[in-house]
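Contents: one structure, followed by commentary.
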Amino acid sequence: MSFLDVWYLIIGNPVLNVLIALSHLLSGSFGLAIVALTIIVRLISWPLTKRQLKSSKALQDMQPKMQELQKKYGKNQQKLQQETMKLYKEAGVNPLGCLWPMLVQFPIWIALYQAIIGALATTPENLLDLAHRLYSWDIVNQAIPLNSHFLWLNLGSQGDFILAIIVGGTMWVQQKMTQAPAVDPRQQSTSRMMLLMMPLMFGFITLMVPSGLALYWAVSNIIGIITQYFFTGGWGYLKFRSPSQSTQ
Amino acid sequence: MKQAKILLLVVIALLPLTLVSCIPGSGQLAKGWAGTAVHDGIIYVGTVDGRVVAINSSTRNLEWSYSIAPVTAPSSGLSCGPTLAPTAIYGTPVVDRDIVYIGTYSGQVLALNILARSQNLTFPQQRYGEWKWDCPIDNARSNAIVADLLVSGDAIYVSSSNGRVYSLDKEFGDLNWESKILDEKHRKLWTSPVIPGDTLYVSTFDGHIYALSLETGGLLDWSFESEAGFASSPVIDEDTIFLGSFDRYLYAVKIGSDVPIWKFPQEKPAGNWFWASPIVNEGIVYAGCLDGKVYAIDAETGEELWQFESRDTLGKPVPIVSSPVLMDNLLIVADESGTVYVFDLSAELEDEAMPLKAISIGADVRGSFYAQEGLVYIRGEDNWIYVVDIDMGEVSWKVPLTIEE
Numbered sequence: 099m100s101f102l103d104v105w106y107l108i109i110g111n112p113v114l115n116v117l118i119a120l121s122h123l124l125s126g127s128f129g130l131a132i133v134a135l136t137i138i139v140r141l142i143s144w145p146l147t148k149r150q151l152k153s154s155k156a157l158q159d160m161q162p163k164m165q166e167l168q169k170k171y172g173k174n175q176q177k178l179q180q181e182t183m184k185l186y187k188e189a190g191v192n193p194l195g196c197l198w199p200m201l202v203q204f205p206i207w208i209a210l211y212q213a214i215i216g217a218l219a220t221t222p223e224n225l226l227d228l229a230h231r232l233y234s235w236d237i238v239n240q241a242i243p244l245n246s247h248f249l250w251l252n253l254g255s256q257g258d259f260i261l262a263i264i265v266g267g268t269m270w271v272q273q274k275m276t277q278a279p280a281v282d283p284r285q286q287s288t289s290r291m292m293l294l295m296m297p298l299m300f301g302f303i304t305l306m307v308p309s310g311l312a313l314y315w316a317v318s319n320i321i322g323i324i325t326q327y328f329f330t331g332g333w334g335y336l337k338f339r340s341p342s343q344s345t346q
Numbered sequence: 005m006k007q008a009k010i011l012l013l014v015v016i017a018l019l020p021l022t023l024v025s026c027i028p029g030s031g032q033l034a035k036g037w038a039g040t041a042v043h044d045g046i047i048y049v050g051t052v053d054g055r056v057v058a059i060n061s062s063t064r065n066l067e068w069s070y071s072i073a074p075v076t077a078p079s080s081g082l083s084c085g086p087t088l089a090p091t092a093i094y095g096t097p098v099v100d101r102d103i104v105y106i107g108t109y110s111g112q113v114l115a116l117n118i119l120a121r122s123q124n125l126t127f128p129q130q131r132y133g134e135w136k137w138d139c140p141i142d143n144a145r146s147n148a149i150v151a152d153l154l155v156s157g158d159a160i161y162v163s164s165s166n167g168r169v170y171s172l173d174k175e176f177g178d179l180n181w182e183s184k185i186l187d188e189k190h191r192k193l194w195t196s197p198v199i200p201g202d203t204l205y206v207s208t209f210d211g212h213i214y215a216l217s218l219e220t221g222g223l224l225d226w227s228f229e230s231e232a233g234f235a236s237s238p239v240i241d242e243d244t245i246f247l248g249s250f251d252r253y254l255y256a257v258k259i260g261s262d263v264p265i266w267k268f269p270q271e272k273p274a275g276n277w278f279w280a281s282p283i284v285n286e287g288i289v290y291a292g293c294l295d296g297k298v299y300a301i302d303a304e305t306g307e308e309l310w311q312f313e314s315r316d317t318l319g320k321p322v323p324i325v326s327s328p329v330l331m332d333n334l335l336i337v338a339d340e341s342g343t344v345y346v347f348d349l350s351a352e353l354e355d356e357a358m359p360l361k362a363i364s365i366g367a368d369v370r371g372s373f374y375a376q377e378g379l380v381y382i383r384g385e386d387n388w389i390y391v392v393d394i395d396m397g398e399v400s401w402k403v404p405l406t407i408e409e
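First to last, the sequence lines map onto chains A and B.
Take the working numbering: the final residue in the first sequence is number 346, and no numbers are missing along the way.
Take the working numbering: the final residue in the second sequence is number 409, and no numbers are missing along the way.
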C-alpha cells in the first residue's frame, strides 16, 4: 500500500465523504457543509486551542511584569531576554505555542483542498475519479453531483477578492488578539511585520486556491476570534498598546 | 532569533500553497476522452493534444488533422498565471456525408469538411460547408461541450455546460433554438439528448428527464423527477427510457409516467454508478457499471438475466466507463484498464456469464469505441488508436495519435 493509498484511507476519503454527507444533510449546500466541517475540526482541535488560549491569557497577565523587566533591564538586552524567558518558563508559557493548532490543521487543509476539487468535480475526469473515492452510503451517493454555489461564491473557483480580504482581515484580528507586543523596542518592528505577514500571505493564497478552502479559513478564523474573546474575556491585545506607545 | 522567527512564519505561510500545488488529486485540467467513429474506412477521433484526426484504416496513415485553438487553463497553487492548454475533446465525432461534426470542451461545435481538411485549407471554408459555432457562456461557469453531439434530420443538438440544449442548422451552423436552462443547480449538461421521434429527451444531473419540442425547444408537458441525479445519457427503446443514476441504480421510465417501471438492482443498489449509457437489444438491457460488472437485464421486468465481473490480475474489480457495443450477435465491453470482453449473445449465458474472449490492449479506455466487421476501434488513454481483431483475439494494429502526415 503506497503512502497515497494510506493518505486517502485515513484522511482524504473520510474528509471527502463526511463533507458530501454533511452537504446532503444541509439541504444540498456545500458551503454550509464546509462551515459545519470547520466547526467539527475546531471542536476536535479544541484541546490544543485551549492550551494556546491559556498561553495567550497568561502572556496577557504577565504584561505588567514584562514592563517592569523592561524598565529594569532595558539597557541590557541579553539580561532582558534571559529574564523574559525565565518569566515565560515560570508561567509555563510557550510564545510560539499558537502555531501548534495551525500545524495540526495542515492535513485537514490538504484533505479539504482535495475534497473540494474532487467533490465539486469541475471536470469530467474529476467526477469520474470521485466515483472511486465515495463510500457506499446512500446519503453520499444521493448528494452527487454537488452544487458549487454558496452566497456570492463559486466554491470551486479561485480569485475572490472579497473572500481574500475577509481571510486576511480575520486572521489579522485573531493574531492581534493573541500576539503579545514585544517588550524590546528593537523587536517591535519585527513583531509588527510578523503580525502583518501571515494575514497578507493567506489573503494572497486565497486568490490561488478554490474559494471553498478559503471559506474554511475564514470561518475557522471567525470561530477563533469568538472563542478567544470569550475565553480570555475580551479583545486581548487588539486594544493593547505596546509599552513604548503607552509611554509616549 | 528574529530571522528564525520570520523564516518559520514564511515557511508556515507558504507550506499550504506548496502542498496544494503538489498534492495528487488536485488537478483541474480537462484532458478529454474522445471516442472513435469510422466512416468509409477512415477513423475519426479527437486527440489529447486538441486535434481532430482522420486515419486511413487500410494504410494506417494520417489522412488529415485539424488543430483546435488551445485554451487558457486556470492557474493553480504556485503557478502564478494562466497557461495555454490543448482543448479537451470528450465527444465522439459524428460523420454525416462529407462533414465531421465535433464538440469541444472550449464550447465550440466545429463542422469540418473532409476534402477541405485533407487539403489543409484555412478553417472554416464556407464553400465546403464548414462552420464554427461558439456556445455562449450565459452567466454559467463554463460553456464546455462534454456530451456527444446528436445529428438528426437537418439539425445538430448540443448539450452545454451552461445548462441549455441548442439546436443548430446542420448546413450553416445557425442557431435554430435554445432551450431554457434545464439544470439551474449544476448548470452542467454532460449527457447527450436522444430523439426517438418528434421529441427530444435529455437527462440532468439534478435528476430530471425533460421532453423538449423538436420545433421550438420548449418544454413539453411531461417530465420525470428522481431523487438522485442521472449520470448517463438516456437510451430509448419503444416508449421506455433507460438510464443510469448516481444513486447506483439503473432506471427504466415509461414516457408519460411519474414513477419508474423498475430500478435495477431490485434489492440493494449496485456497487457504484451506472456511468455509461446502457444499450438495448431484443428486450434485453446491457449495462456496464463502475463497480466493474456488466449486467444483462430483462427490459420489461428489470430482472437480472446474467452478470459478469471484470477483474484485474489482483482480483480487484475494474470499472466499466464506456458503453457496451453490439456487433452482430456479439456484445463487446471494454473495461477501464483496457481489456475488451466479447460475449456471444446467441449462446446460452449462465447467471455468471463467461466471455467468449478477453483481449487486453494494454492502455486505459474511457471513451466510446466503434465496432464493425469483426474489428473494434478504440482510443486508449495513452493517445493511441488500437484496432482489435475479434476473430484473432488480439490487437491487429495500433497507431499513435501523434503521427504526422
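Where is the CB? At the ideal position from N, CA and C, for every residue including glycine.
Since the structure is predicted, the reported quantities are computational estimates derived from the model, not experimental observations.
Pull up the distance between the alpha-carbon of residue i and that of residue j, whole angstroms please.
{"i": "residue 111/B", "j": "residue 142/A", "result": "45 Å"}
{"i": "residue 410/B", "j": "residue 118/B", "result": "No answer is possible for residue 410/B: it lies beyond the span of chain B, which begins at 5 and ends at 409."}
{"i": "residue 381/B", "j": "residue 259/B", "result": "34 Å"}
{"i": "residue 291/B", "j": "residue 349/B", "result": "14 Å"}
{"i": "residue 161/B", "j": "residue 96/B", "result": "14 Å"}
{"i": "residue 304/B", "j": "residue 264/A", "result": "57 Å"}
{"i": "residue 149/A", "j": "residue 256/A", "result": "34 Å"}
{"i": "residue 116/B", "j": "residue 197/B", "result": "22 Å"}
{"i": "residue 332/A", "j": "residue 191/B", "result": "46 Å"}
{"i": "residue 345/A", "j": "residue 252/A", "result": "Because residue 345/A sits at a pLDDT of 46, beneath the cut-off of 50, its placement in the model cannot be relied upon, and the following sentence gives the value as read from the coordinates. Looking at the two C-alpha atoms, the distance is approximately 49 Å."}
{"i": "residue 82/B", "j": "residue 306/A", "result": "Bear in mind that the predicted position of residue 82/B carries a pLDDT of just 49, short of 50, making it unreliable; the figure below should be weighed with that in mind. Their backbone Cα atoms lie some 8 Å apart in a straight line."}
{"i": "residue 139/A", "j": "residue 240/B", "result": "47 Å"}
{"i": "residue 106/A", "j": "residue 165/A", "result": "50 Å"}
Give me, in chain order, the residues of the same chain whose beta-carbon lies closer than 8 Å to that of residue i; leave out the 5 immediate sequence neighbours on both sides.
{"i": "residue 168/B", "result": "142, 182, 183, 184, 185, 186 and 193"}
{"i": "residue 244/B", "result": "256, 257, 258, 259, 265 and 303"}
{"i": "residue 109/B", "result": "34, 36, 75, 91, 92, 93, 94, 148, 149 and 150"}
{"i": "residue 241/A", "result": "118, 119, 121, 122 and 126"}
{"i": "residue 311/B", "result": "297, 298, 299, 300, 355, 356 and 357"}
{"i": "residue 387/B", "result": "51, 52, 53, 404, 405 and 406"}
Name, please, each residue of chain B whose Cβ falls closer than 9 Å to the Cβ of residue i.
{"i": "residue 242/A", "result": "209, 232, 233, 235, 250, 251 and 277"}
{"i": "residue 294/A", "result": "The premise fails here: residue 294/A is roughly 10 Å from chain B at the closest Cβ pair, so nothing lies under 9 Å."}
{"i": "residue 261/A", "result": "Those do not exist, as residue 261/A stays about 15 Å from chain B at its closest Cβ, beyond 9 Å."}
For a contact defined as C-beta to C-beta under 8 Å, what are the partners of residue i on chain B?
{"i": "residue 239/A", "result": "232, 250, 251, 252, 273 and 277"}
{"i": "residue 229/A", "result": "276, 277, 279, 294 and 323"}
{"i": "residue 252/A", "result": "145"}
What does residue i reach in chain A if we use C-beta pairs closer than 7 Å?
{"i": "residue 189/B", "result": "245"}
{"i": "residue 94/B", "result": "222"}
{"i": "residue 150/B", "result": "222"}
{"i": "residue 194/B", "result": "222"}
In chain A, which residues lie less than 8 Å from residue i when you measure between Cβ atoms?
{"i": "residue 315/B", "result": "Those within 8 Å of residue 315/B in chain A number zero; the least Cβ separation is about 15 Å."}
{"i": "residue 401/B", "result": "Within chain A, no residue comes near residue 401/B; the closest Cβ sits about 28 Å away, beyond 8 Å."}
At a CB-CB cut-off below 7 Å, which residues of chain B make contact with residue i?
{"i": "residue 312/A", "result": "Those do not exist, as residue 312/A stays about 11 Å from chain B at its closest Cβ, beyond 7 Å."}
{"i": "residue 124/A", "result": "Within 7 Å Cβ-Cβ: nothing; residue 124/A doesn't reach chain B, min ~15 Å."}
{"i": "residue 178/A", "result": "The contacting residues do not exist; residue 178/A stays about 13 Å from chain B at best."}
{"i": "residue 249/A", "result": "What residue 249/A touches in chain B: nothing, since even the nearest Cβ is about 15 Å away."}
Which same chain residues end up closer than 7 Å to residue i when comparing Cβ atoms and leaving out the 5 residues on each side of it in sequence?
{"i": "residue 159/B", "result": "171, 172, 173, 174 and 180"}
{"i": "residue 336/B", "result": "328, 329, 344, 346, 375 and 380"}
{"i": "residue 102/B", "result": "117, 118 and 119"}
{"i": "residue 239/A", "result": "232"}
{"i": "residue 225/A", "result": "219 and 243"}
{"i": "residue 232/B", "result": "211, 249, 250 and 251"}
{"i": "residue 309/B", "result": "288, 300, 301 and 302"}
I'd like the list of long-range same chain contacts for residue i, defined as Cβ closer than 6 Å, with 5 residues on each side in sequence excluded.
{"i": "residue 314/B", "result": "296, 322 and 339"}
{"i": "residue 312/A", "result": "261, 265 and 304"}
{"i": "residue 110/A", "result": "209 and 212"}
{"i": "residue 390/B", "result": "365, 382, 384, 399 and 402"}
{"i": "residue 134/A", "result": "120"}
{"i": "residue 155/B", "result": "98 and 100"}
At a cut-off of 7 Å, would you count residue i as near the ligand SAH, judging by its Cβ distance to the nearest heavy atom?
{"i": "residue 338/B", "result": "Annotation note on the ligand SAH: not contained in the displayed structure, which lists no ligands."}
Between the stretch 111-122 of chain A and chain B, which residues of the former have a C-beta closer than 8 Å to a C-beta of the latter? The stretch 111-122 of chain A vs chain B, Cβ under 8 Å: nothing.
Restricting to runs no shorter than 3 residues, where is the beta strand (DSSP E) found entirely within the stretch 139-191 of chain B? 154-156, 159-163, 169-173 and 179-182
Determine which residues of the stretch 33-53 of chain B have a Cβ less than 9 Å from any Cβ of chain A, and write them out in chain order. Going along the stretch 33-53 of chain B in chain order, one finds 33, 34, 35, 36 and 37 with a Cβ nearer than 9 Å to chain A.
Kindly provide the ranges of any beta strand (DSSP E) runs that are 3 or more residues long and lie completely inside the stretch 286-310 of chain B, ordered along the chain. 288-292 and 297-302
Mind pulling the alpha helix (DSSP H) runs of 4 or more residues that sit fully within the stretch 175-239 of chain A? 175-189, 197-218, 222-229 and 236-239
Taking only beta carbons into account, state which residues of the stretch 142-173 of chain A come closer than 9 Å to chain B, listed in chain order. none
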